[in-house]
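This note's numbering applies: residue 15 is where the sequence shown begins, and numbers increase by one.
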Amino acid sequence: MRTLLLVLAATAVAALVPIHAQRAGDPAAGAVAWLDHLKTCTPYTYRYPNPIVPSVTDENIITGRKDGTCQVTYVIPGPDNSVCQLTAPTIALMTSADQYQQARTGRFGGSSSDALSQRMTQECTLVKKP
15 MRTLLLVLAA TAVAALVPIH AQRAGDPAAG AVAWLDHLKT CTPYTYRYPN
65 PIVPSVTDEN IITGRKDGTC QVTYVIPGPD NSVCQLTAPT IALMTSADQY
115 QQARTGRFGG SSSDALSQRM TQECTLVKKP
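In C-alpha cells form, the structure reads like this:
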C-alpha cells in the first residue's frame, strides 16, 4: 500500500497531462488548473491519461472541505481508489511555487522520502471501489 501511495504522491502533483489539454496543445493547462483548485480546495475533477496505461483515464476529484481537511479522491486502475483528507501543510507542499513550475514545464521530481510523499502516505487510504 505504501508504494501505491508514494506513486500517487508523485502523480497527484504532476497529475500528468489531461486529455483536453493535450488536444488543445497546452500540456501545462490541466496541471496548473488542478493546482489552482487544490490550493483553494474548490470542487474539481481532473482527468488525464494513466502514466502506465495511456488508454486508461485516471481522475483526481476534489469534493471540498470536511472537518478541516480537503477531500480528494484519486481514481486509478485496480480495485481501489485512494481517498485523502489533505491538511493545509500538505496542500501547501503540493501547490508550492516549485510544483507550479514543474507543472508548467512538464518536468516533475520527487522521491518516496520527501515530505510530500510522507504526508500523503499519512493522509490517504486505499478504499475498495463500489
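Where is the CB? At the ideal position from N, CA and C, for every residue including glycine.
What you are looking at is a predicted structure, and each value in this text was computed from that prediction instead of being measured.
Buried versus exposed call for residue i [16 or more other C-beta atoms within 10 Å across all chains shown]
{"i": "R121", "result": "exposed"}
{"i": "V141", "result": "exposed"}
{"i": "S69", "result": "exposed"}
{"i": "S96", "result": "buried"}
{"i": "G7", "result": "Residue 7 lies beyond the stretch modelled for the chain, which goes from 15 to 144, so this question has no answer here."}
{"i": "T109", "result": "buried"}
{"i": "S127", "result": "exposed"}
Chain-order list of residues whose beta-carbon lies under 6 Å from that of residue i (same chain, five-residue window excluded)
{"i": "Y58", "result": "H51 and I76"}
{"i": "V21", "result": "Caution applies to V21, whose pLDDT of 43 falls short of 50 and renders its modelled position unreliable; the value that the coordinates give is listed next. For V21, where only same-chain residues beyond five positions count, there are no Cβ hits under 6 Å."}
Inter-residue CB distance, residue i and residue j (contact presumed, cutoff 8 Å)
{"i": "L49", "j": "Q113", "result": "6 Å"}
{"i": "V67", "j": "P91", "result": "6 Å"}
Sheet register partners of residue i (DSSP bridge)
{"i": "D94", "result": "K142"}
{"i": "R61", "result": "E73"}
{"i": "Y114", "result": "DSSP lists no partner for Y114."}
Spatial neighbours of residue i in its chain, beta-carbon cut-off 7 Å, leaving aside the 5 residues before and after
{"i": "T119", "result": "none"}
{"i": "K143", "result": "P93, D94 and N95"}
Same chain, Cβ closer than 8 Å to residue i, five either side skipped, listed in chain order
{"i": "R79", "result": "C55 and Q85"}
{"i": "R137", "result": "Checking the sequence, you will find Glu at residue 137 rather than Arg. For E137, where only same-chain residues beyond five positions count, the Cβ hits under 8 Å are T83, C98, Q99, L100, T101 and T104."}
{"i": "A38", "result": "Confidence in A38 is poor, its pLDDT being 44 and thus under 50, which makes the residue's placement unreliable; the coordinate value appears in the next sentence. Contacts found: none."}
{"i": "T71", "result": "I33, R61, Y62, P63 and N64"}
Residue nearest to residue i in terms of C-alpha spacing, selected from the options
{"i": "R133", "options": "Y88, G123, K143 and P103", "result": "P103"}
{"i": "K53", "options": "Y88, S127 and T101", "result": "T101"}
{"i": "A106", "options": "A47, Y62 and A129", "result": "A129"}
{"i": "T139", "options": "G123, Q115 and V89", "result": "V89"}
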